[in-house]
Every structure is written in C-alpha cells, then in structure tokens.
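First up is the structure itself, then whatever we jot down about it.
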Amino acid sequence: MSIRTFEPFAICMLKNMNVIGLKTFIYQEIQRFTRVWIQSLVSPWINALLYILVFGVIVGARIQLISGVRYIDFVLPGIVMLNIISSAYMQGSFGLYFKRFARHIEELLIAPFSHLEMLMGFLVASVLRGLIVGFGVYVIALFFTTSTISHVFLFLFYSISVATIFSLVGLIVGLWSNNFEEVSILNTFLIMPLTFLGGVFNSVSMLPEKAQIFVRLNPFFYFVDGLRYSMIGISEANVWVGLAIIFGLIFGLGWVVWYLFKIGWRLRT
C-alpha cells in the first residue's frame with residue numbers, strides 16, 4: 036500500500052472509530068487499577084525497593100564494577116523492566132479475565148466497538164500501568180543511584196513496546212484461564228524465571244560459554260539489554276535481533292488477540 040492510498044485509509048479508520056466509547060472504555064480500565072492503587076502500584080514499588088536495597092546496595096557494595104559501571108547502575112534497568120513486564124501482564128490478564136468472570140464482557144460485546152477498538156482499549160490501560168510502575172521504580176532508585184537515561188527515545192520505545200508485548204500475552208491468558216489461579220500460572224512459572232535468567236542481576240559475560248548460548252536464546256535477555264542500553268549505554272546483545280523479536284512478537288501476538296476477539300473464543304457462550 037502506497038503512502039497516498041494509506042492516508043485516506045487511515046482517515047477513514049479514524050472517522051469510523053468510536054472515539055468517545057473508546058475513551059470511556061480506557062478510562063474505565065484505568066479506574067480499575069487506580070481504585071486498588073496499593074495493590075497495583077505501591078506493592079510493586081515496595082518489591083522493587085527491596086530488590087534495590089538487597090541486590091543493588093548490600094550485594095552491590097561487595098561486587099566490583101561491571102562493564103565500568105557500579106553494580107546498582109547495572110541492575111537497575113533489569114529491575115525496571117521486570118516491573119514493567121509484570122504490571123502490564125497483570126493488567127491485561129486480570130482485566131480481561133475479571134470481565135469474563137463477572138460477565139461484564141457481555142456489555143462490552145454488545146457495545147458499538149470493533150475488535151480492534153476492544154484490543155486498543157485493553158492495551159492502552161495495560162501499557163499505561165506498566166509505564167507508571169516502571170517510572171515509579173526509576174524515581175525510587177534515584178535515592179540510591181545516580182543512574183540517568185542516556186537515550187530517552189530508546190527508553191520510551193523499549194518500555195512501551197515490551198509493555199505492549201506482555202499486555203497482549205496477558206490478554207491471551209485472560210481468555211484462556213478458567214480461574215484466578217490459572218491467570219497467575221504463566222507469570223509464576225515462565226515470565227518471572229525467564230526474566231531473572233535474562234541478565235537482570237548479572238552480565239552475560241559472567242556465565243560459562245555454553246550457558247551464554249541459552250541466555251541469548253531467551254527473548255527476555257534482549258528486552259533487558261535494550262532498556263539497559265537506553266539508560267547506561269551498555270549493550271551485550273545484538274540490537275537488530277532484539278528489534279526483530281520485539282516487532283515480530285507485537286505483530287504476531289496482536290494478530291492472535293484480534294483474531295480470538297473476532298471469533299469470540301471464550302467470550303461468547
């Protein structure tokens with residue numbers, strides 16, 4: 036599709052979009068996590084503070100510089116990314132599952148929303164929660180470190196794109212789950228372990244050569260490394276591989292969620 040043909044197509048989409056309804060839906064989802072702000076915002080900030088104190092301050096005082104920077108500055112991007120991933124995932128998965136559980140999803144299905152608008156509503160709220168939590172973690176860390184953001188646009192790109200990925204993952208889990216326990220399974224047994232093994236608290240160069248191969252096969256390694264580069268200018272991964280993984284996951288998972296909404300999988304009974 037050429038630029039000239041794309042412009043009227045985009046304008047047509049905007050004209051046909053239920054802007055007022057979409058804004059209301061997004062506002063409703065934002066209210067859902069701000070009403071329980073202690074659980075959704077303060078709790079991850081407290082957990083991040085404990086990580087910073089234990090790993091960054093106490094353990095970091097006994098570790099030499101990593102790649103020429105203090106240990107706390109090296110691990111901070113990983114802690115920020117860990118909380119962005121977890122918060123975006125929880126908002127997407129619990130938000131959609133609770134609507135199914137309480138049968139509020141039926142109100143959404145009969146509303147004048149397209150499947151894309153439904154997807155956008157969930158995504159915006161989930162990404163926003165992830166960004167708020169991540170920014171809060173960074174502000175808390177400033178009391179213990181002088182770490183700055185070297186590349187602001189890259190910082191925003193990695194934060195928003197990774198939050199989008201795990202919002203989509205959360206929506207798939209929210210559709211698949213039959214109870215609240217199943218909503219947490221993926222986060223407990225897959226997301227958290229792979230994030231920790233993705234170089235949050237260590238440099239990949241510290242590992243044996245064979246172990247480094249497995250780390251580089253872990254997509255979470257590229258998420259953490261990208262945010263680390265945007266903050267302190269240090270990268271251990273292939274940037275192009277990381278970007279390919281990010282864009283591939285966004286478009287692939289986005290299409291899957293849109294298709295599941297379209298066929299009404301686990302939405303219509």
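Its first residue numbered 36, the sequence shown is counted upward by one per residue in this note's numbering.
Glycine is no exception: its CB is placed at the ideal position from the N, C-alpha and C atoms.
*Determine the DSSP secondary structure at Val104, reduced to helix, strand or coil.*
In this structure, Val104 counts as strand in the three-state DSSP scheme.
_Quick check: Leu288 and Leu225, are their CB atoms within less than 9 Å of each other?_
Taking 9 Å as the Cβ cut-off, Leu288 and Leu225 do not qualify as a contacting pair.
*asked:* Judging by CA-CA distance, which residue of Leu252, Ala272 and Ser212 is the nearest neighbour of Trp300?
replied: Nearest in C-alpha terms to Trp300, of all of Leu252, Ala272 and Ser212, is Ser212.
*Return yes when the Cβ of Leu262 is within less than 9 Å of the Cβ of Met125, no when it is not.*
In this structure, Met125 keeps its C-beta atom at 9 Å or more from the C-beta atom of Leu262.
_Those runs of the alpha helix (DSSP H) which lie wholly inside the stretch 226 to 292 and span at least 4 residues_ = The qualifying runs are 227 to 231, 244 to 251 and 254 to 267.
*For Met153, count neighbouring Cβ atoms within 10 angstroms of its own Cβ and tell me buried if that reaches 16, exposed if not.*
Met153 counts as buried, since at least 16 other C-beta atoms from the protein chains shown sit within 10 angstroms of its C-beta.
*Taking the alpha helix (DSSP H) that Arg301 falls in, what are its first and last residues?*
No alpha helix (DSSP H) holds Arg301; DSSP gives it neither H nor E.
*Output the residue ranges of the alpha helix (DSSP H) runs that lie fully inside the stretch 73 to 130 and measure 4 residues or longer, sorted by chain position.*
List check, alpha helix (DSSP H) in window: 78 to 86.
*Using the Cα positions of Pro228 and Asp260, report the straight-line distance between them to the nearest angstrom.*
Pro228 and Asp260: Cα-Cα distance of roughly 16 Å.
*Is the beta carbon of Ser149 sitting closer than 9 Å to the one on Ile285?*
Ser149 places its beta carbon 9 Å or farther from that of Ile285.
*Cβ of Ser265 within 9 Å of Cβ of Ser161?*
For Ser265 and Ser161, no; Cβs fall outside 9 Å.
*Verify whether the separation of the beta carbon atoms of Ala96 and Gly165 is less than 9 Å.*
Result no, Cβ atoms of Ala96 and Gly165 do not sit closer than 9 Å.
*With respect to the alpha helix (DSSP H) encompassing Ser161, which residues constitute its N-terminal and C-terminal limits?*
From DSSP, the alpha helix (DSSP H) with Ser161 extends over His150 to Ala176.
*Look at the alpha carbon of Leu85 and the alpha carbon of Gly113, and state the distance between them as a whole number of angstroms.*
Cα-Cα distance, rounded: 14 Å.
*Okay, do the stretch 229 to 238 and the stretch 247 to 256 touch, 3+ Cβ pairs below 8 Å being the bar?*
With the cut-off at 8 Å, the stretch 229 to 238 and the stretch 247 to 256 touch.
*Would the beta-carbon of Gly156 fall within 9 Å of that of Glu244?*
Judged by their CB atoms, Gly156 and Glu244 are not nearer to each other than the 9 Å cut-off.
_Where the alpha helix (DSSP H) through Val71 begins and ends_ = Careful: Val71 lies outside any alpha helix (DSSP H) and carries neither H nor E.
*Collapsed DSSP secondary structure at Asn53 in the structure displayed*: Asn53 falls in the coil class under three-state DSSP.
*Along the chain, where does the alpha helix (DSSP H) that runs through Ile140 open and close?*
Where Ile140 is concerned, the enclosing alpha helix (DSSP H) stretches over Ile140 to Ile145.
_Enclosing alpha helix (DSSP H) for Ser194 [first to last residue]_ = That run of the alpha helix (DSSP H) goes Val187 to Trp211.
*DSSP on Phe179, reduced to helix/strand/coil?*
Looking at Phe179 - three-state DSSP - the assignment turns out to be coil, as it is neither helix nor strand.
*Does DSSP put Asn222 in a helix, a strand or coil?*
Per DSSP, reduced to three states, the secondary structure at Asn222 is helical.
*Buried or exposed: Thr69, going by 16 or more other Cβ atoms within 10 Å of its Cβ?*
Burial is judged here by how many other beta carbons sit within 10 angstroms of a residue's own beta carbon; Thr69 has fewer than 16 and is exposed.
*Is Ile184 helix, strand or coil when you go by DSSP?*
Coil at Ile184, not helix or strand.
*State yes or no: is the C-beta of Phe215 within less than 9 Å of the C-beta of Tyr132?*
In this structure, Tyr132 lies closer than 9 Å to Phe215 by Cβ.
*Within this structure, are the beta carbons of Tyr193 and Ile281 separated by less than 9 Å?*
The Cβ-Cβ distance between Tyr193 and Ile281 falls below 9 Å.
_Rounding to the nearest angstrom, what Cα-Cα distance links Leu191 and Ala246 in this structure?_
Straight-line Cα distance between these residues: approximately 30 Å.
_Chain-order list of residues whose beta-carbon lies under 8 Å from that of Arg105 (same chain, five-residue window excluded)_ = The answer, listed in chain order, is Gly95 and Thr180.
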